[in-house]
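Mapping of the sequence shown onto this note's numbering: position 260 corresponds to residue 260, and the numbering continues sequentially without gaps. A virtual CB, placed ideally from N, CA and C, is assigned to each residue, including glycine. Notes follow once the structure below has been shown.
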Amino acid sequence: MLSNKVIFANYLLKKLKEKCSAKSGELGFYMIGFKRKEPIVLELVEFKYIKRSSVSVISDPNFTGFIFSTLPPIYRVIGTLHRHPGNMLSLSSTDIKNFKNWQRFGEYIHVVTNEDCSSFAAYLFKEDYYVRIPVEFRQLRMNVKYITTQLPGKLRIYFMEGMKSAEVIPQLERSLIHVLRSLYIPFKLRGSLFDNFKGIMRRTRGIIYVHLDDLNYPLMMITEGSITISELKSRIKELFENDYIVLYNGMEINDNEKCRKYWSKDLYFRRV
Ligand SMILES: [Zn+2]
């Protein structure tokens, strides 16, 4: 159950204002952060638009799926933030319809900002109603750390200093189910227990932590062992529309190397 306030890390205000003055028309972001009792937004990831006009945006549903599936535990999508023309901070009927759709998958907070990104209104969508809640920008000690578990393979759990284990565990449980499913259950279940077992034992996919220049958290990319870094790069390019060189331990790595070699490692994608 989410509380009646949403907290933004201070530095996001600067990022938002920059985006705001660079682009006219509607602008939308996924809010990424920790979904604790007082949810904390640590990152804004701009929508990938299918259509964008001065009054509306249609975001790419594939990109939405991508955002949800690459979040490391315990990062979560808190909701969305989008801009309205002028100073209108109330929800449009389209907004309400869209956000009721989101709400089928849980409680989310949707924030509306005005044209110059100077005022904000946040709405918490619950079962069958929504309420306006306060927005707070706060100087956060952005000390996000991680621990590595050995089960089911290496898996990282990110947390902010001062977080209680009770806040982390329920989300960790969800993440484990998600990761286990994507890593170990064979794509096509073949019916016999033995086949399933083989599928579980043969590890064909692994996680690479992809760090992008503009993102405050790593993307948890599940990769097939046989695909190359070059293929991984084009996948990222398709989503973020940039060209990159890829660094591991400060050294540029070869595009033809296989992803398998970098499972459970951190790769840094530097824009070129
Ligand atoms: Zn709107």
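Cutoff 7 Å; reference residue i; Cβ partners in own chain excluding five residues on either side
i    : result
K23  : none
F137 : F8, N10 and L13
F91  : Here residue 91 is Leu; the residue named in the question, Phe, does not match the sequence. Cβ neighbours of L91 beyond the five flanking positions: V112 and Y123.
T204 : E224 and G225
I157 : P73, I74, Y146, I147, T149, V168 and L172
R141 : E161
S21  : none
Proximity test, residue i beta-carbon vs ligand 1 heavy atom, cut-off 8 Å
i    : result
S59  : no
S24  : no
D95  : yes
S92  : yes
H82  : yes
V112 : yes
Same chain only: Cβ atoms within 6 Å of residue i, ignoring 5 sequence neighbours per side
i    : result
S175 : P73
I227 : C259
K17  : C117
Y130 : Y123
F34  : I40
L219 : T70 and V210
E252 : I245
H110 : G79, T80, F99 and Y123
K51  : I58
P61  : none
K154 : T148 and S264
F125 : F99, Q103 and Y108
N242 : R271
Cβ-Cβ separation, residue j to residue i (assumed contact under 8 Å), whole Å
i    : j    : result
I236 : V272 : With 8 Å as the limit, I236 and V272 do not qualify as a contact, their Cβ atoms being about 12 Å apart.
F29  : V45  : 6 Å
R270 : D213 : 6 Å
Y268 : L42  : That pair is no contact at about 19 Å.
I133 : N4   : 5 Å
A121 : L89  : 4 Å
Y248 : Y262 : 6 Å
N143 : M160 : 7 Å
I229 : D255 : 5 Å
E127 : R83  : Between R83 and E127 the Cβ distance is about 28 Å, and since that is not below 8 Å, they are no contact.
Beta-bridge pairing of residue i - partner residues as DSSP gives them
i    : result
S59  : Y49
K273 : Past the boundaries of the shown model lies residue 273; the chain is included only from 1 to 272, so the question cannot be answered.
H211 : Y268
H82  : G28 and V112
F8   : V41 and F137
E252 : L247
K145 : F159
R96  : In the sequence as displayed, the identity of residue 96 is Ile instead of Arg. Paired residues: none, contrary to the question.
L219 : V210
Y75  : F34
R205 : E224
L124 : I109 and V131
Cutoff 8 Å; reference residue i; Cβ partners in own chain excluding five residues on either side
i    : result
L239 : K48, F63 and F66
V77  : Y30, M31, I32, I67, F68, L71 and Y108
S93  : none
R36  : M163 and E167
G206 : G153, L183, I222, T223, G225, C259, R260, W263 and S264
K15  : L44
Distance cut-off 8 Å: residue i Cβ against heavy atoms of ligand 3
i   : result
N98 : Looking at this structure, you won't find ligand 3 anywhere; what it does contain is ligand 1.
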